[in-house]
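Q: This structure is in structure tokens; I'll ask about it shortly.
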Amino acid sequence: MNRSRKSTTLLVGLGILLPLTMIFSVGTGPISIPSGDIISLLLERLGLIHSDIPEHTRLIVESIRLPRTLLGVLVGSSLAIGGAAMQGLFRNPLADPSIIGVASGAALGAAIAIVLGGVLLSDFPVLIQNYSVSLLAFAGSCLTTFVVYKMGTTSNGTSVATMLLAGVAITALAGAGLGILTYISDDSTLRNLTFWQMGSIAGATWNSVLICLSLLAPVVLLLCRYGSILNAMLLGESEARHLGINVQSAKLTLIVLTALVVGVSVSVAGIIGFVGLVVPHLIRMMVGPDHKILLPASAMLGGTLLLLADMVARVIVSPAELPIGIVTALMGAPFFISLLWQQRKRIA
Amino acid sequence: MKAFKRLSTIIIATLFAMAAQAKEISTPRIISAGSGVTEIIYALGAGDQIVAVDSISAYPEDVKSLPRLGYLKQLSAEGILAMQPSILIGTEDMGPPTTMEQLKSAGVNIATLPLKSDAESIQHRILSLAKILDKEQEGKQLWQSVSDSFAEARNIAGEQKKPTVLFMLAMGGRTPYVAGNNTAANSLIELAGGINPTASQFASYKPLSNEALLQLAPDVVLYSDQGKGTTPQQLIDMQPVLQQTPAGKSGRMIAIEPNMLLGGLGPRTGELAVELAKAFFPAKS
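Read top to bottom, the protein sequences are chains G and X.
All letters in the first sequence, in the order written, are residues 16 to 363 by the numbering used here.
All letters in the second sequence, in the order written, are residues 3 to 287 by the numbering used here.
Structure representation (structure tokens):
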């Protein structure tokens, strides 16, 4: 099979797999719901048929599982496409949003909200207090991205290597900040903090889904259009410039868009590792490094994988549930190690 | 917006339907979140109505065979709904808030009890739980016996000089964590007639340096061994500096079962207070 046929097959396959996984995800949990019921429920919502599904099932599907599934797709897609874009931008297969400090900046923001929120925000309206963790996490991710970008940029352009180093430094600094907050917090905030860092999409509500949908969906679609620019930049920045690409503005846009998808994802779901790192690698192994395929395929596979991880999280210790960050790390880290092992052999 | 309205109508309708259904079930199906709450429910004789507990409920022994819903602050809405509870009873810190909202919209009755660790809050917890469970007589009796024990502990102390008492979490050789103000351990020390010198300095649990430990010179050391059965000698081996404190010299170091403190104070606190008072004031016992 030639490469373009292979790519088409992959995109179509993922396009079928994602909705199937979504239906499967809505049906899986401590209370299992047949896929038939879910489909007829959806058709009924669309006004096509009338069904007699019990209220209890309806409630679980509509107010718990459906928002959770949608949020999972949004967050998974965002993290994966964010990872793919960063790996392309930095021409570094190990890059993922956490490496330039975006995730740790977000974590620090969230920790400030969790530990000091009661003191700092008591005069603000309740609405702001309720979303303070998300808002500050987002502010943290934007601020770190801005600082890292500024540090890496001179009149000669943006140095990716400097940005990576700055990211390492900012991660260390944010780690120290987290340490201070951990030290001054009492037992119960300490536990909130720990659980936030493990990530979860269990708190999905229609509200959070709508907010994420309006922020993430357009950015993910926009990122998909940067395939050919990222392809050109793989050749090297000056080569890309010779191809007529405004490298400086492309870099800026890509960084801002990535920070946005990652910041929003982290702020609603906490820290979910390895999706951004592993998914683009999987796609590259299947169809090669063409970003025009890589970006949309990563988004679809990211959503699918996060849903699968969430199903595992929900079912494995039922009726309790595991934080999803633990599941993605458990699935992602061994995979990543095996990837490194293979590369090691190839080099030797 | 229209879809939203429709959705909320559905939720409200379901809520009523489920509330009606809940009344039909004759034996209540209780989910208990918080080890203190679980313990009181058992003490009131309603333990057989519990269908699931959170992960730290560990007393009495029967609890261990019940399904576990995970950590108190990370409860999953679905897991709880799957148990088809008629009521969820827990302390203020159960969560997360989104789970609580989801449960409320699913029509689950939720009773929230205060978490504070002092004698009044034990009374409040026992009496309000008794009311919820329709066992008010048993509740009054239980509180009576607990408060009798507190009075007994005060009697043992009498007019004697209060000893200084530190509560330490045995941390295996690392800097020990010591209980400050607003902790169950601090209330326990006070109920047994001791003084916790750190209560005026910090709240919650904080690591305490060896130098500070020497300077505070506690007369008695209480420690939680996390159920490992650590002896006082082992504790001294881990924290040799204890040997230099009055507590270490006189060997007044007492292990406390971690369950007694984890979920706040509870029905067994009275007996423990008497036992500790006897240890604090050996002359009179």
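Every residue, glycine too, gets a C-beta built ideally from N, C-alpha and C.
Bear in mind the structure is a predicted one, so any value in this text is a computation, not a measurement.
1) If you draw a straight line from the C-alpha of residue 249 (chain X) to the C-alpha of residue 191 (chain G), how long is it?
2) Does DSSP put residue 183 (chain X) in a helix, in a strand, or in coil?
3) Along the region 258-272 of chain G, where does the CB come closer than 8 Å to a CB of chain X? Name the residues.
4) Can the beta-carbon of residue 267 (chain X) be found less than 8 Å from the beta-carbon of residue 190 (chain X)?
5) By DSSP, does residue 186 (chain G) sit in helix, in strand, or in coil?
6) Just grab the DSSP bridge partners of residue 170 (chain X) for me.
7) Is the number of C-beta pairs between the region 95-106 of chain G and the region 291-309 of chain G that are closer than 8 Å three or more?
8) Is the Cβ of residue 95 (chain X) closer than 8 Å to any Cβ of chain G?
9) Go through its chain and collect everything with a Cβ distance to residue 211 (chain X)'s Cβ below 8 Å, but skip five positions before and after it.
10) Of the residues X:208, X:79 and X:233, which one's Cα is nearest the Cα of residue 183 (chain X)?
11) From the DSSP output, which residues share a beta bridge with residue 205 (chain X)?
12) Would residue 349 (chain G) count as contacting chain X if we go by Cβ distances under 8 Å?
13) Could you give the DSSP three-state label for residue 31 (chain G): helix, strand or coil?
14) Between which two residues does the alpha helix (DSSP H) harbouring residue 1 (chain X) extend?
15) In angstroms, rounded to a whole number, what distance separates the CA positions of residue 206 (chain X) and residue 264 (chain X)?
16) Would you identify the three-state DSSP class for residue 92 (chain X), choosing helix, strand or coil?
17) Just the Cα atoms here: how many angstroms apart are residue 42 (chain G) and residue 56 (chain G)?
18) Do residue 221 (chain G) and residue 349 (chain G) have their C-beta atoms within less than 8 Å of each other?
19) Between which residues of its own chain and residue 339 (chain G) is the CB-CB distance below 7 Å, once the five residues before and five after are set aside?
20) Determine, using beta-carbon pairs with one atom in the region 218-230 of chain X and one in the region 137-152 of chain X, whether at least three such pairs fall under 8 Å.
21) Name the chain B residues whose beta carbon is nearer than 7 Å to that of residue 71 (chain X)?
22) Near residue 37 (chain X), what residues of its chain come up, given a Cβ to Cβ distance below 7 Å and the 5 sequence neighbours on each side ignored?
23) Taking residue 197 (chain G) as the query, report the chain X residues whose CB atoms sit under 7 Å from its CB, ordered along the chain.
24) Could you check if residue 274 (chain X) is buried or exposed, using at least 16 other CB atoms within 10 Å of its CB as the buried criterion?
25) Beta-carbon of residue 78 (chain X) versus every beta-carbon of chain G: anything under 8 Å?
26) With C-beta atoms as the reference, is residue 118 (chain G) less than 8 Å away from residue 235 (chain G)?
27) Decide if residue 134 (chain X) is buried, meaning its Cβ has at least 16 other Cβ atoms within 10 Å, or exposed.
28) Skipping 5 residues on each side, what residues in its chain have a beta carbon closer than 6 Å to that of residue 278 (chain X)?
A: According to the structure shown:
1) Along the second sequence, one-based indexing puts residue 249 (chain X) at 247. Along the first sequence, one-based indexing puts residue 191 (chain G) at 176. Straight-line Cα distance between these residues: approximately 37 Å.
2) Taking the first residue of the second sequence as position 1, residue 183 (chain X) is located at position 181. Residue 183 (chain X): strand per DSSP, three-state reduction.
3) Per Cβ criterion, the list is empty.
4) Position 265 of the second sequence, counted from the start, is the residue given in the question as residue 267 (chain X). Position 188 of the second sequence, counted from the start, is the residue given in the question as residue 190 (chain X). The answer is yes: Cβ separation under 8 Å.
5) Translated into the one-based positions of the first sequence, residue 186 (chain G) becomes position 171. In this structure, DSSP gives residue 186 (chain G) a helical state, which the three-state scheme calls helix.
6) Working through the second sequence from its first residue, we reach residue 170 (chain X) at position 168. Answer by DSSP bridge pairing, in chain order: X:180 and X:225.
7) yes
8) As a working note, residue 95 (chain X) is residue 93 in the second sequence. Taking Cβ atoms only, chain G reaches closer than 8 Å to residue 95 (chain X), which makes this a yes.
9) Here residue 211 (chain X) corresponds to residue number 209 of the second sequence, with the count starting at 1. Around residue 211 (chain X): 177.
10) The sequence position of residue 183 (chain X) within the second sequence is 181, counting from 1. Proximity to residue 183 (chain X) across X:208, X:79 and X:233 peaks at X:208, based on C-alpha coordinates.
11) For this step, residue 205 (chain X) is matched to residue 203 along the second sequence. Paired residues: X:183.
12) Along the first sequence, one-based indexing puts residue 349 (chain G) at 334. Closer than 8 Å: no.
13) In the first sequence, counting from the first residue as 1, residue 31 (chain G) sits at position 16. Residue state, collapsed to three classes: helix.
14) Within the shown structure, residues of chain X are numbered from 3 to 287, placing residue 1 (chain X) beyond reach of any answer.
15) Position 204 of the second sequence, counted from the start, is the residue given in the question as residue 206 (chain X). Position 262 of the second sequence, counted from the start, is the residue given in the question as residue 264 (chain X). For residue 206 (chain X) and residue 264 (chain X), the distance between alpha carbons rounds to 13 Å.
16) Taking the second sequence and counting its residues from 1, the one referred to as residue 92 (chain X) is at position 90. Strand.
17) Residue numbering aside, residue 42 (chain G) sits at position 27 when the first sequence is read from its first letter. Residue numbering aside, residue 56 (chain G) sits at position 41 when the first sequence is read from its first letter. Distance between the alpha carbons of residue 42 (chain G) and residue 56 (chain G): 12 Å.
18) In the first sequence, the residue the question calls residue 221 (chain G) occupies position 206. In the first sequence, the residue the question calls residue 349 (chain G) occupies position 334. Taking 8 Å as the Cβ cut-off, residue 221 (chain G) and residue 349 (chain G) do not qualify as a contacting pair.
19) For this step, residue 339 (chain G) is matched to residue 324 along the first sequence. Sequence-distant Cβ neighbours of residue 339 (chain G) in its own chain, meaning closer than 7 Å and more than five residues away, are 214, 215, 216, 287, 324, 325 and 328.
20) no
21) Any reference to chain B falls outside this structure, whose protein chains are G and X.
22) Walking along the second sequence from the start, residue 37 (chain X) turns up at place 35. Within the same chain, residue 37 (chain X) has close Cβ partners 58, 59, 60, 61, 261, 264 and 265.
23) Here the question's residue 197 (chain G) lines up with position 182 in the first sequence. Near residue 197 (chain G) there are no residues of chain X at all, since even the closest Cβ is about 12 Å away, more than 7 Å.
24) Start at 1 with the first residue of the second sequence, and residue 274 (chain X) comes out as number 272. Its Cβ being crowded by 16 or more others within 10 Å, residue 274 (chain X) is buried.
25) Taking the second sequence and counting its residues from 1, one reaches residue 78 (chain X) at position 76. Yes, residue 78 (chain X) lies at the interface with chain G (some Cβ there is under 8 Å from its Cβ).
26) Working through the first sequence from its first residue, we reach residue 118 (chain G) at position 103. Working through the first sequence from its first residue, we reach residue 235 (chain G) at position 220. Not in contact: residue 118 (chain G) and residue 235 (chain G) (Cβ atoms no closer than 8 Å).
27) Against the second sequence, residue 134 (chain X) aligns to sequence position 132. Buried, by the Cβ-count rule.
28) Start at 1 with the first residue of the second sequence, and residue 278 (chain X) comes out as number 276. Here the set comprises 194.
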